[in-house]
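Asks:
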Amino acid sequence: MNLRPLTPSDADACYALFHRTVHGGTGAFYDTAQRAAWAPPRPRDPDTWRSQLTEGFAICATTGDTITGFFTMGHDGHIDFAYVALEDMGKGTATALYDACELTARALGLEIMTTEASHLAQRFFTKRGWVTDARQTVIRDGVGIDNFRMFKVL
6 MNLRPLTPSD
16 ADACYALFHR
26 TVHGGTGAFY
36 DTAQRAAWAP
46 PRPRDPDTWR
56 SQLTEGFAIC
66 ATTGDTITGF
76 FTMGHDGHID
86 FAYVALEDMG
96 KGTATALYDA
106 CELTARALGL
116 EIMTTEASHL
126 AQRFFTKRGW
136 VTDARQTVIR
146 DGVGIDNFRM
156 FKVL
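Numbered per my numbering, the sequence shown spans residues 6 to 159.
1) Provide the residue(s) that pair with Lys132 in DSSP beta bridges, ordered along the chain.
2) Let me make sure I understand the geometry here. Which of Asp151, Gly79 and Gly74 has the alpha-carbon closest to that of Gly95?
3) Taking only three categories from DSSP, how would you classify His83?
4) If you run the structure through DSSP and keep just helix, strand and coil, what is Glu92?
5) Can you tell me whether Leu113 is helix, strand or coil according to DSSP?
6) So, are the CB atoms of Leu159 and Glu121 less than 8 Å apart?
7) Measure the C-alpha to C-alpha separation of Phe130 and Glu92 and round it to an integer number of angstroms.
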């Protein structure tokens, strides 16, 4: 596994990974309508997706030429995207990506990191010392999707 910065040319591969992970890995927590609203077949706005993906600190894990996971973090320490391919879950990919984000946040002198985590991601972040601040429901395409507002003091 290698880590490298995300580039705009990675947008399609990252969206495919995001879509497949949401639809294939979160069924225990989210129903079909929630997964469809969270990750439609194509980005709602491809240009916005591309720019969201590469703003701030954006990193991916690769095996050969294949992206196996990606995390994005704003300059304020907010982790927006944190996705790993289904077949790479439990193999250290998420940990390597997360560690790079936390190291960067510390190097920037940030005092806190934040995220809005899915049920699945909440477990991952909790194991790394994050605290759940609130459970919330976001509305996408008229569908409520529960997640957890979390933070970590550095």
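The C-beta atom is built at its ideal place from N, Cα and C for all residues, glycine as well. Note that this is a predicted model, so its numbers are computed, not measured.
Replies: This is what the structure holds:
1) Answer is none; Lys132 lacks a bridge partner.
2) Gly74
3) strand
4) helix
5) coil
6) no
7) 20 Å
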